[in-house]
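Following this note's numbering, the numbering of the sequence shown begins with 3 at its first residue and continues without gaps.
A short write-up of the structure that comes next.
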Amino acid sequence: MDKEIQSIIGKDICTGQEGWPLGMPLTRSIGNGLWEVRSSIPNGIARVIFTVKNNEIVLLHGFIKKTQKLPLKELEIAKNRYKSLE
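Here is the structure:
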């Protein structure tokens, strides 16, 4: 991942963290204690799935997607990491 994309995603994560709780269009609940940071990047859409535990944002999984739909494979990775926190 190039530096420009890393910078965009990093800034969006920081904005979400500093202004928590935020809503659309930057963050969105995807249910069961999971949220996503939504970043528009050149050539796609970046998502970082996170949860909030003990008033801390815990990043679980990040990926770049080409469609609007959340890929189930990516969601399962985040859910498994979320379960390991408990």
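Note that beta-carbon positions come from the ideal geometry of N, C-alpha and C, so glycine has one too.
- Residue pairing by DSSP places GLU78 in no beta bridge whatsoever.
- Note on geometry: alpha-carbon atoms of GLY35 and THR69 lie some 23 Å from one another.
- Assignment of THR69 by DSSP, reduced to helix, strand and coil, places it in the coil class.
- Per DSSP, GLY12 lies in no beta strand (DSSP E) segment; the continuous alpha helix (DSSP H) that holds it begins and ends at 5-20.
- In this structure, LEU62 places its C-beta atom within 9 Å of the C-beta atom of ILE79.
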